[in-house]
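Chemist: Submitted below is the structure of interest, expressed as structure tokens.
2 protein chains.
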Amino acid sequence: MVSIMKISELSHETGATLATIKFYLREGLLHVGERSAPNQATYGEAHVRRIHMIRALTDVGGLSVAEAKRVIDAIDSDLPLTRAFEIAQSAVSEHIDPESVDAEALNTVDSAIAGWGCGPEDPGRLAAARVVMNFRRAGQGADSGWFARYAEAARLVAEADLDLVESRSGLAAKAETVVVGTVLGDALFAALRRSAQAASTVRRYGDPGRK
Amino acid sequence: MVSIMKISELSHETGATLATIKFYLREGLLHVGERSAPNQATYGEAHVRRIHMIRALTDVGGLSVAEAKRVIDAIDSDLPLTRAFEIAQSAVSEHIDPESVDAEALNTVDSAIAGWGCGPEDPGRLAAARVVMNFRRAGQGADSGWFARYAEAARLVAEADLDLVESRSGLAAKAETVVVGTVLGDALFAALRRSAQAASTVRRYGDPGRK
Numbered sequence: 082m083v084s085i086m087k088i089s090e091l092s093h094e095t096g097a098t099l100a101t102i103k104f105y106l107r108e109g110l111l112h113v114g115e116r117s118a119p120n121q122a123t124y125g126e127a128h129v130r131r132i133h134m135i136r137a138l139t140d141v142g143g144l145s146v147a148e149a150k151r152v153i154d155a156i157d158s159d160l161p162l163t164r165a166f167e168i169a170q171s172a173v174s175e176h177i178d179p180e181s182v183d184a185e186a187l188n189t190v191d192s193a194i195a196g197w198g199c200g201p202e203d204p205g206r207l208a209a210a211r212v213v214m215n216f217r218r219a220g221q222g223a224d225s226g227w228f229a230r231y232a233e234a235a236r237l238v239a240e241a242d243l244d245l246v247e248s249r250s251g252l253a254a255k256a257e258t259v260v261v262g263t264v265l266g267d268a269l270f271a272a273l274r275r276s277a278q279a280a281s282t283v284r285r286y287g288d289p290g291r292k
Numbered sequence: 082m083v084s085i086m087k088i089s090e091l092s093h094e095t096g097a098t099l100a101t102i103k104f105y106l107r108e109g110l111l112h113v114g115e116r117s118a119p120n121q122a123t124y125g126e127a128h129v130r131r132i133h134m135i136r137a138l139t140d141v142g143g144l145s146v147a148e149a150k151r152v153i154d155a156i157d158s159d160l161p162l163t164r165a166f167e168i169a170q171s172a173v174s175e176h177i178d179p180e181s182v183d184a185e186a187l188n189t190v191d192s193a194i195a196g197w198g199c200g201p202e203d204p205g206r207l208a209a210a211r212v213v214m215n216f217r218r219a220g221q222g223a224d225s226g227w228f229a230r231y232a233e234a235a236r237l238v239a240e241a242d243l244d245l246v247e248s249r250s251g252l253a254a255k256a257e258t259v260v261v262g263t264v265l266g267d268a269l270f271a272a273l274r275r276s277a278q279a280a281s282t283v284r285r286y287g288d289p290g291r292k
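Note that the protein sequences, when read in sequence, are chains A and G.
Counting in my numbering, the first sequence runs from 82 upward without gaps.
Counting in my numbering, the second sequence runs from 82 upward without gaps.
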């Protein structure tokens, strides 16, 4: 694999257009390359990775460039991991007004996440309560068993996320994994849930294609 | 709770504007009310539930009205549950071109979901492989342990989903739960994962607010 390249090669390697790369450089999302001539710079593998990370944030995570910048800045600034997680999470989470969720929904969530030590303003708690409200309004009862099983699975996934982060060496690499994992983890889980549902449905109800 | 209401009361009860309700009626997303006078119809709890379901599909699931219609039609047409799942899933999933994912990413996914019996065109499998590719490109190694733990959690959640569906009486109610659960389940899991990450991060690394 090429490890030192011109901007045109960086474009070819990543699939990002020259205009996009120059935009990332201008906005400070991408570190400037090493100057090799008055009007030329060279780039390396770190630039390739960073471009793919930006794309993951914007294309998969749906972040705006300004939000991606905030998350990237968190990686580059050696913040404590707890803060890096907070910033990555808040970037990919909708802000929920605590007043917009009702006490019944909050109670359902609090029962499911009892013992986690989440504060009343925890964004995940509020977002989960909003889903519970939508679920109830769509005529689906408050199935505390279903919520509790989701919470248990979420706990397992979060532990896997944290173990993955711990396996990285150095704060910058850990923060990168926090950011990429937070954004791509949602998409990964949703995809695997689809496959698992398909597998379980066929096992329980049979394959409609074979009827 | 009011169980028979005029369209204005239906609007008040659901928060949907009169224009929106008339649009849903015209597009066939909502069953017409019972005619009570030449120019008046009455609506019931089923209409309230249906409006909230449409909103869950469009606002939370991000479906277009045309996609929501396709999903709603699946509920109204007594399809086998396997088909209802397929339709709900395909509505909330991006279509992935099998040619766009590489063999290495597919292998990673196949190892994680071994024994599930998913076919090569399974949309969840392809979507998961795309995430694996994005993950690798963003400089994150192929962490088969992380993927496997996600797969195991997804299996638990899918079983919870199917148990929830089975708890409903009648095919129409089951299909409603399939649709609502498929769409809202992603949002619920993502929210709970945020809370679980926050809880695990504080437990492992301490609370930055208390430093």
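Idealized CB from N, CA, C, for every residue including glycine.
Give the list of continuous alpha helix (DSSP H) stretches no shorter than 4 residues that lie fully inside the segment 143 to 186 of chain A.
Modeler: 146 to 157 and 162 to 173
Chemist: With A122(A) as the anchor, note down where its beta strand (DSSP E) starts and where it stops.
Modeler: Per DSSP, A122(A) is one residue of the beta strand (DSSP E) stretching across Q121 to T123.
Chemist: Helix, strand or coil for R285(A)? Go by DSSP, reduced to three states.
Modeler: helix
Chemist: Assuming A118(A) is part of the beta strand (DSSP E), what are its boundary residues?
Modeler: It spans E115 to A118 - the beta strand (DSSP E) in which A118(A) sits, taken as one unbroken run.
Chemist: Going by beta carbon distance, what residues of the same chain come within less than 8 Å of L111(G), once the five residues before and after it are set aside?
Modeler: I102, Y105, H128, R131, I132 and I135
Chemist: Beta-carbon separation of D242(A) and G262(A) under 8 Å?
Modeler: yes
Chemist: Does L110(G) get closer than 8 Å to chain A when you measure Cβ to Cβ?
Modeler: no
Chemist: To the nearest angstrom, how far is it from the Cα of A299(A) to the Cα of I85(A)?
Modeler: This structure cannot speak to residue 299(A), because chain A is shown only from 82 to 292.
Chemist: So with Cβ pairs under 8 Å, would you call R218(A) a contact of chain G?
Modeler: So, interface residue.
Chemist: Please decide whether T98(G) counts as near chain A, where near means a Cβ-Cβ distance under 8 Å.
Modeler: no
Chemist: Tell me which residue opens and which closes the alpha helix (DSSP H) that A234(G) is part of.
Modeler: Counting along the chain, the alpha helix (DSSP H) containing A234(G) begins and ends at S225 to E247.
Chemist: Give the residues of chain G in contact with R236(A), contact being defined as C-beta atoms less than 7 Å apart.
Modeler: A277
Chemist: By alpha-carbon positions, which one of S158(A), R107(A) and I88(A) ends up nearest to E126(A)?
Modeler: I88(A)
Chemist: Do L144(A) and K255(A) count as a contact pair if the criterion is CB distance below 8 Å?
Modeler: no
Chemist: CA-CA distance, R211(A) and K150(G)?
Modeler: 24 Å
Chemist: Which residues of chain A have a Cβ atom closer than 8 Å to the Cβ of T282(G), listed in chain order?
Modeler: Under the 8 Å cutoff, chain A gives L162, T163, F166 and L243.
Chemist: Use the C-beta contact count for N120(G): other C-beta atoms within 10 angstroms, 16 or more gives buried, fewer gives exposed.
Modeler: exposed
Chemist: Using a threshold of 8 Å, state whether the C-beta atoms of L273(G) and G222(A) are closer than that.
Modeler: no
Chemist: Report buried or exposed for T189(G), applying the criterion of at least 16 other Cβ atoms within 10 angstroms of its Cβ.
Modeler: Per the 10 Å Cβ criterion, buried.
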